[in-house]
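Numbering-wise (my numbering), the sequence shown opens with residue 10 and increments by one. We put the CB at the ideal spot given by N, CA and C, even for glycine. As structure tokens, the structure follows; a few thoughts come after it.
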Amino acid sequence: MSTPPRGNAPASGLRWLGHATTLIEDRGTVVLTDPVLTDRIAHLRRRRGPTPAGPRVLDPDAVLLSHLHADHTHLRSLGRLDPDVPIVVPRGAVDGLPALRRFDDRLVPLRPGEATRIGTVTVRAVPARHDGRRWRRGPEFAPAVGYVVEGDRRTYFAGDTDLYPRLAGHVGPVDLALLPVGGWGPTLGDGHLDPARAAVVARLVEASLAVPIHYGTLWPIGFDAVRPRLFFGPGAEFVRRAHNAGIAAVELTPGDSLDTSGPGRNER
10 MSTPPRGNAP ASGLRWLGHA TTLIEDRGTV VLTDPVLTDR IAHLRRRRGP
60 TPAGPRVLDP DAVLLSHLHA DHTHLRSLGR LDPDVPIVVP RGAVDGLPAL
110 RRFDDRLVPL RPGEATRIGT VTVRAVPARH DGRRWRRGPE FAPAVGYVVE
160 GDRRTYFAGD TDLYPRLAGH VGPVDLALLP VGGWGPTLGD GHLDPARAAV
210 VARLVEASLA VPIHYGTLWP IGFDAVRPRL FFGPGAEFVR RAHNAGIAAV
260 ELTPGDSLDT SGPGRNER
């Protein structure tokens, strides 16, 4: 599938909108990842950062969904998007979440290793180690995935994952790695990266620059005083560990933008 880029966009940039929601811009094409565009999901509320808004949030060139959990595949947020935006999903996503059928003509299913063309960039699905089910019971119809967005540079959006064998081989050297370093509650279960393991991933994929995501945004209502270090701390801890491993890293605040212009691996 190939779609033309819409309007004008910076040649290269990143905007972190909070949790796993990012705007990735490369060669004028804009992709939006795991959009959560509201201030509440069930028992979770947005505790830090503005409600996502502004240029290209509702009309990106494509949306990438990493897996079916409600904080990554948020149906209400998907319903707010421009009605002709393609939605890239793990193959089998409709079987795992039948409510996605309302977007059926826009879905672009990918297995790990498969790719699609969006405007001027190629989007390739890569494996992830994470529960891909919508709910905790029943079969896994669609695996969790990450994505590599490749244009002038290579950007790895990990979605939600833990370390797994051959991760470096599946992802390959990248210019920018967007890595989950926390979660949305006072515990972090299996299938997640913490700051230490995320720093290992940054080194494995030879990231020229790494940015921590998936922390410091959503938190259970009434839990503000419960383990606040797990809300605020993972980003800074990841940056420190990445720097100790010789990896450039920067901590953003939800809503912040980052200019990633400059020669990427595909331009060197």
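Per DSSP, what kind of secondary structure is residue i in: helix, strand or coil?
{"i": "Gly-41", "result": "The question names Gly, but residue 41 in the sequence shown is Leu. Here Leu-41 sits in strand by DSSP."}
{"i": "Ala-18", "result": "Because the pLDDT at Ala-18 is just 39, under 50, the model does not fix this residue reliably, and the value given afterwards should be weighed accordingly. Of the three classes helix, strand and coil, the one that applies to Ala-18 here is coil, per DSSP."}
{"i": "Leu-46", "result": "coil"}
{"i": "Arg-238", "result": "helix"}
{"i": "Arg-143", "result": "coil"}
{"i": "Thr-12", "result": "Because the pLDDT at Thr-12 is just 42, under 50, the model does not fix this residue reliably, and the value given afterwards should be weighed accordingly. Looking at Thr-12 - three-state DSSP - the assignment turns out to be coil, as it is neither helix nor strand."}
{"i": "Gly-271", "result": "coil"}
Which stretch, first to last residue, makes up the alpha helix (DSSP H) that contains residue i?
{"i": "Leu-176", "result": "176-180"}
{"i": "Leu-213", "result": "204-213"}
{"i": "Pro-243", "result": "243-253"}
Taking 6 Å as the line, does the beta carbon of residue i fall inside it for any heavy atom of the ligand FMN?
{"i": "His-78", "result": "For the ligand FMN, the structure offers nothing, since it holds no ligand at all."}
Go to residue i, then tell me how far its beta strand (DSSP E) extends in each direction, as first and last residue.
{"i": "Ile-230", "result": "Unbroken run through Ile-230: none, as it is neither H nor E."}
{"i": "Pro-266", "result": "The sequence given here places Ser at residue 266; Pro does not occur at that position. Note, Ser-266: beta strand (DSSP E), 266-268."}
{"i": "Arg-54", "result": "53-55"}
Looking only at DSSP bridge pairs, what is residue i linked to?
{"i": "Phe-166", "result": "Tyr-156 and Leu-187"}
{"i": "Ala-219", "result": "Ala-186 and Ala-258"}
{"i": "Glu-34", "result": "Gly-22 and Val-39"}
{"i": "Gly-27", "result": "Thr-30"}
{"i": "Asp-171", "result": "Arg-138"}
{"i": "Thr-131", "result": "Arg-126 and Glu-159"}
Report task. List in chain order: all unbroken alpha helix (DSSP H) runs of 4+ residues lying wholly within the segment 64-126. Result -> Within the segment 64-126, the complete alpha helix (DSSP H) runs of at least 4 residues are 84-89 and 102-105.
Query raised in the report: Is there contact here, the segment 178-197 with the segment 213-233, by at least three beta-carbon pairs under 8 Å?
Result: yes
Query raised in the report: Are three or more beta carbon pairs between the segment 44-57 and the segment 242-252 nearer than 8 Å?
Result: no
**Report entry** Contact between the segment 109-124 and the segment 25-39 (3+ Cβ pairs under 8 Å)
**Finding:** Taking one beta carbon from each stretch, the segment 109-124 and the segment 25-39 have fewer than 3 pairs nearer than 8 Å; the two do not touch.
Query raised in the report: On the three-pair Cβ rule with 8 Å, is the segment 87-95 touching the segment 154-168?
Result: Fewer than three pairs of CB atoms, one per stretch, sit closer than 8 Å, so the segment 87-95 makes no contact with the segment 154-168.
Requested in this report: For the segment 171-181 and the segment 144-153, state whether three or more C-beta atom pairs, one from each stretch, are separated by less than 8 Å.
Outcome: No contact exists between the segment 171-181 and the segment 144-153.
Query raised in the report: For the 8 Å Cβ check, are there 3 or more pairs between the segment 54-69 and the segment 204-215?
Result: no
Query raised in the report: So does the segment 104-111 actually touch the segment 125-139, counting three or more Cβ pairs closer than 8 Å?
Result: Taking 8 Å as the limit for Cβ pairs, the verdict is that the segment 125-139 does not touch the segment 104-111.
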